[in-house]
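Going line by line, the protein sequences match chains A and B.
All residue numbers for the first sequence refer to our numbering, where the first residue is 30 and numbers rise by one.
All residue numbers for the second sequence refer to our numbering, where the first residue is 108 and numbers rise by one.
Structure first, then comments.
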Amino acid sequence: MLDTTALESFPSLISHGINVAGEISAPPSFQLPNSNDFDGFVKETIQMVKPAKGTTTLAFIFKEGVMVAADSRASMGGYISSHSVKKIIEINPYMLGTMAGGAADCQFWHRNLGIKCRLHELANKRRISVTGASKLLANILYSYRGMGLSVGTMIAGWDETGPGLYYVDSEGGRLKGNRFSVGSGSPYAYGVLDSGYKYDMSVEEASELARRAIYHATFRDGASGGVASVYYVGPTGWKKLSGDDVGELHYHYNPVTPSTVEQEMVEAAGP
Amino acid sequence: MSIFEYNGSALVAMVGKNCFAIASDRRLGVQLQTIATDFQRISKIHDKLFIGLSGLATDSQTLYQRLVFRHKLYQLREECDMKPETFASLVSSMQYEKRFGPYFCQPVIAGLGDDDKPFICTMDAIGAKELAKDFVVAGTASESLYGACESMFKPDMEAEELFETISQALLSSVDRDCLSGWGGHVYVVTPTEVKERILKGRMD
């Protein structure tokens with residue numbers, strides 16, 4: 030069954046006589062387009078949103094907590110539509126979600142998840158766990174399976190059991206793990222992340238590893254770039270550690286050394 | 108993504124006062140993956156004639172090799188270098204020969220003709236010439252390049268100012284394209300010298 034808690038009521042546009050009460054009593058639903066070929070229309074919309082998951086996001090658990098990092102490029106095919114997209118979404122002060130796939134889908138459903146988490150807190154007088162929050166999101170996405178949502182997200186947070194990290198996607202998958210990277214740049218980020226990872230890292234070492242991994246992914250992947258943001262989630266909640274422009278990071282990691290000149294031309298003296 | 112966007116490229120040529128500049132990006136990719144960041148897209152035919160080839164990299168290399176061959180034969184027979192206008196016609200007819208199985212390249216030709224008058228032109232993949240008096244662009248970033256050149260170009264610029272203008276136009280345009288960039292390569296050609304420069308750009 031579809032999750033309809035986030036939706037308003039949209040009574041049908043074809044009026045069945047004058048029925049004032051119909052507006053209020055109609056069941057909650059998404060408005061459907063008035064087209065002759067509904068299936069074709071839906072297929073086209075799905076294709077418009079689907080491509081790539083052009084991005085690089087990563088998260089890993091280590092001794093001090095969870096490190097979350099992402100790039101900031103939005104691409105439409107080959108065109109870069111934005112250099113400065115916030116791909117790390119703040120669900121609440123102790124939980125973060127990452128964005129990969131359709132931007133609208135990720136933003137909407139993460140905000141919806143934040144609302145649900147708050148409602149859980151009010152109803153149960155205690156914070157929701159990362160396990161619970163990720164399960165809520167996974168169940169919502171599963172109910173919309175096959176309808177063209179494109180979401181590849183990681184839920185990272187700190188609860189009573191310590192640091193938690195889950196991968197959730199729009200196919201309905203939900204995985205618990207210590208290290209994830211999502212997006213078209215993830216193979217490159219995994220290469221750096223996997224070879225540099227140690228459980229016993231300090232916060233500085235972990236943030237440098239995360240930043241380096243994002244930088245390498247933005248270098249190799251055309252659909253990733255912009256700013257490498259790094260967030261840390263600890264016992265007191267999340268904190269943004271750095272947001273470095275990747276263009277400048279390249280020259281920081283690979284400083285330009287002037288090449289040795291064999292023969293230098295001297296400017297001829299004036300007439 | 109279409110075949111023209113398989114490798115990614117950005118090319119621009121501009122006319123100045125008794126000089127011209129031709130610039131390209133340096134990325135070679137396979138769709139979204141970047142393979143090389145030092146790919147040569149602009150080649151010299153002779154001291155006063157340069158050709159840049161955008162589009163599918165393998166076709167641009169093959170087409171360049173065939174053009175060098177034809178130019179060398181011309182040099183042996185005519186005992187002089189080809190004029191840019193003549194060379195443009197040669198490229199155009201070679202591309203039209205493959206009308207029903209084309210080279211997936213868009214060339215940008217820039218040279219100094221008679222009396223060192225600068226000449227630039229571009230073509231589509233089957234040889235339709237487009238002559239221009241100010242600038243020509245090609246590649247995956249061509250729409251951004253059109254916008255940047257249109258706003259930055261001024262007629263009769265000297266070599267140094269022309270270099271600045273073409274570099275800024277190239278770098279700002281490739282920063283809006285996923286498939287091109289990773290540095291820049293600029294040639295500024297005057298009747299007396301050819302200056303080749305590498306641009307430091309965003310490597311993402």
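Cβ coordinates follow ideal geometry from the N, Cα and C atoms, glycine included.
By DSSP's assignment, valine 243 of chain B forms a beta bridge with B/Ala120.
If only uninterrupted beta strand (DSSP E) runs of at least 3 residues are considered, those enclosed by the segment 131 to 217 of chain B are 135 to 137, 140 to 143, 149 to 153, 156 to 162. Around alanine 129 of chain A, the same chain offers Lys82, Thr84, Thr86, Gly181, Val211, Gly212 as residues with beta carbons nearer than 6 Å, after the five sequence neighbours per side are excluded. Annotation: cysteine 126 of chain B is outside any alpha helix (DSSP H) and is labelled neither H nor E by DSSP.
In chain order, Arg133 place their CB closer than 6 Å to the CB of aspartate 145 of chain B, counting only its own chain and leaving out the 5 sequence neighbours on each side.
Against chain A, the CB of leucine 286 of chain B has a partner CB under 8 Å away; the residue lies at that interface. If you draw a straight line from the Cα of glycine 220 of chain B to the Cα of glutamate 192 of chain B, it is about 8 Å long. At a C-beta separation below 8 Å, methionine 108 of chain B has these neighbours in chain A: Gly106, Gly107.
Its chain contains Gly83, Ala252 as the residues whose beta carbon lies nearer than 6 Å to that of serine 104 of chain A, once the 5 sequence neighbours on both sides are disregarded; these appear in chain order.
One finds Gly254, Val275, Gly276, His279 in chain A with Cβ atoms closer than 8 Å to the Cβ of arginine 309 of chain B, taken in chain order.
The C-beta of glutamate 112 of chain B comes closer than 8 Å to at least one C-beta of chain A. When secondary structure is reduced to three states using DSSP, glycine 126 of chain A falls in the strand class. Excluding residues up to 5 positions away in sequence, Ala120, Phe127, Ile129, Phe157, Ile227 lie with their Cβ nearer than 6 Å to the Cβ of alanine 217 of chain B in the same chain.
Exclusion of the five residues before and after serine 271 of chain A leaves Val259 as the residues of its chain whose Cβ lies within less than 6 Å of its Cβ.
The segment 93 to 107 of chain A and the segment 271 to 283 of chain B do not touch, with fewer than three beta-carbon pairs separated by less than 8 Å.
With respect to the 8 Å criterion, cysteine 212 of chain B and alanine 232 of chain B are classified as neighbours on the basis of their beta carbons. At a beta-carbon threshold of 8 Å, the residues of chain B lying near serine 213 of chain A are Leu139, ordered along the chain. By the Cβ-count criterion, isoleucine 149 of chain B is buried, with 16 or more other Cβ atoms from all chains shown falling within 10 Å of its own Cβ.
In this structure, the alpha-carbon of phenylalanine 242 of chain B lies about 51 Å from that of alanine 185 of chain A. Residue environment analysis places aspartate 66 of chain A among the exposed positions, since fewer than 16 neighbouring C-beta atoms fall within 10 angstroms of its C-beta. Contact annotation, methionine 183 of chain A with phenylalanine 209 of chain A: C-beta distance approximately 5 Å; criterion of less than 8 Å satisfied. Per DSSP, aspartate 222 of chain B has no beta bridge partner at all. Ranked by how close their Cα comes to the Cα of glycine 201 of chain A, the residues A/Pro122, A/Gly175, A/Gly193 have A/Gly175 in first place. Looking from the CA of lysine 124 of chain B, the closest CA among B/Asp223, B/Val281, B/Ala255, B/Ser199 belongs to B/Asp223.
Per the coordinates, the alpha-carbon of glutamine 182 of chain B lies some 22 Å from the alpha-carbon of valine 215 of chain B. Contact note: aspartate 223 of chain A does not reach chain B at a C-beta cutoff of 9 Å; the least C-beta distance is about 19 Å. For lysine 307 of chain B, the closest C-alpha among the options A/Pro122, A/Asn153, A/Asn283, A/Gly143 is that of A/Asn283. Boundaries of the beta strand (DSSP E) harbouring methionine 183 of chain A: 181 to 188, taken from the DSSP string.
The Cβ atoms of leucine 139 of chain B and asparagine 114 of chain B lie no closer than 8 Å to each other.
Legend: CB atoms of the segment 82 to 106 of chain A lying less than 9 Å from CB atoms of chain B belong to residues Gly83, Asp100, Arg102, Ser104, Gly106. Chain-order list of chain B residues neighbouring phenylalanine 248 of chain A: Thr141, Thr144, Trp289, Met310, Asp311, by C-beta distance under 9 Å.
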